[in-house]
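S.K.: Please find one structure pasted underneath; my questions will follow.
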Amino acid sequence: MLDDYLSWKPFFEVVPIEIADCAEISELHGQRFPRRWSDGEFQNLLLQHSVFGFVARQTNAFFSRPLGGFVLSREAAGEAEILTVAVNEKFGRQGLGWRLMQAALREAAARGGESMFLEVEAENRAAVQLYRKLGFEKVGERPAYYTGPGGTRSTALVMSRVLR
Ligand SMILES: CC(C)(COP(=O)(O)OP(=O)(O)OC[C@H]1O[C@@H](n2cnc3c(N)ncnc32)[C@H](O)[C@@H]1OP(=O)(O)O)[C@@H](O)C(=O)NCCC(=O)NCCS
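FYI, the UniProt record's numbering numbers position 101 of the sequence shown as 101, with every residue one higher than the one before it.
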């Protein structure tokens, strides 16, 4: 019993996003990106038939089901894209980013997607490594694409992979 307690670690399930998740997703988005997307922006995106996503929710917390992360994606006419993905820093490097991205890749393929692309800041080492590990390759570069705090500009990489 004591051993169980000492070795306690969080477990997560990855399930489809629901409208009711949007407020929490928006809060996590604000923690991980310089410009937070509002609850309403997430709701509007999810109301589009082409848009889908997943959340990772902790299954073994005592009183609630904390949000570990989320991914939002879109598929239209065979082409899918990642709109945004984020993991709570507290649960980082535990495989949640990988699991969320795998769920998005599978769903995009099930919807008829043939390829998936995404944009990522070139200096975002964690994300670039994750995408490479998932089989994405750089297909383009957009210099001075993002504007950071203080007006600093940074390069976006465009990455892509086939879904079949
Ligand atoms: C990018 C992000 C989603 C990764 O989520 P995560 O749950 O920590 O990632 P995982 O634990 O699934 O890691 C999978 C792989 O990604 C890479 N990776 C993740 N974090 C990394 C880090 N800090 N440094 C280097 N590589 C990293 C590794 O290849 C890792 O595999 P490994 O642990 O076997 O080495 C997370 O860091 C995040 O939310 N960042 C802020 C938001 C963001 O940048 N989103 C992407 C915008 S395009």
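C-beta: ideal position from N, C-alpha, C; glycine also.
1) With a threshold of 16 other CB atoms inside 10 Å of the CB of residue 113, please say whether the residue is buried or exposed.
2) Jot down the residue ranges of each uninterrupted alpha helix (DSSP H) in the stretch 73-151, minimum 4 residues, whole runs only, in chain order.
3) In terms of residue numbering, what span does the alpha helix (DSSP H) encompassing residue 42 cover?
4) Measuring alpha carbon to alpha carbon, tell me which residue in 150, 163, 139 is nearest residue 157.
5) Using a Cβ-Cβ cutoff of less than 7 Å, which residues in the same chain neighbour residue 50 once the five nearest sequence positions on both sides are dropped?
6) Mapping the DSSP letters down to three states, classify residue 50 as helix, strand or coil.
7) Are the beta-carbon atoms belonging to residue 116 and residue 161 less than 8 Å from one another?
8) Give the DSSP-derived three-state secondary structure of residue 154 in the structure shown.
9) Just checking residue 32 against ligand 1 - is the residue's beta carbon closer than 7 Å to any of the ligand's heavy atoms?
M.R.: Considering the structure as presented:
1) Residue 113 sits at position 113 when you count from the first residue of the sequence shown. Classification for residue 113: buried.
2) 96-110, 125-133, all fully within the stretch 73-151.
3) Along the sequence shown, read from residue 1 onward, the residue named residue 42 stands at position 42. First-last of the alpha helix (DSSP H) with residue 42: 39-46.
4) Residue 157 sits at position 157 when you count from the first residue of the sequence shown. Of the listed residues, the one whose Cα sits closest to residue 157 is 139.
5) Walking along the sequence shown from the start, residue 50 turns up at place 50. These residues qualify, in order along the chain: 74, 75, 76.
6) On the sequence shown, residue 50 is found 50 positions in, with the first residue counted as 1. Note: residue 50 maps to coil in three-state DSSP.
7) For the purposes of this step, residue 116 is taken as the residue at position 116 of the sequence shown. For the purposes of this step, residue 161 is taken as the residue at position 161 of the sequence shown. Against a cut-off of 8 Å, the Cβ pair of residue 161 and residue 116 comes out as a contact.
8) For the purposes of this step, residue 154 is identified with residue 154 of the sequence shown, where counting begins at 1. Note: residue 154 maps to strand in three-state DSSP.
9) For the purposes of this step, residue 32 is identified with residue 32 of the sequence shown, where counting begins at 1. Yes; taking the cut-off as 7 Å, the Cβ of residue 32 has a heavy atom of ligand 1 nearer than that.
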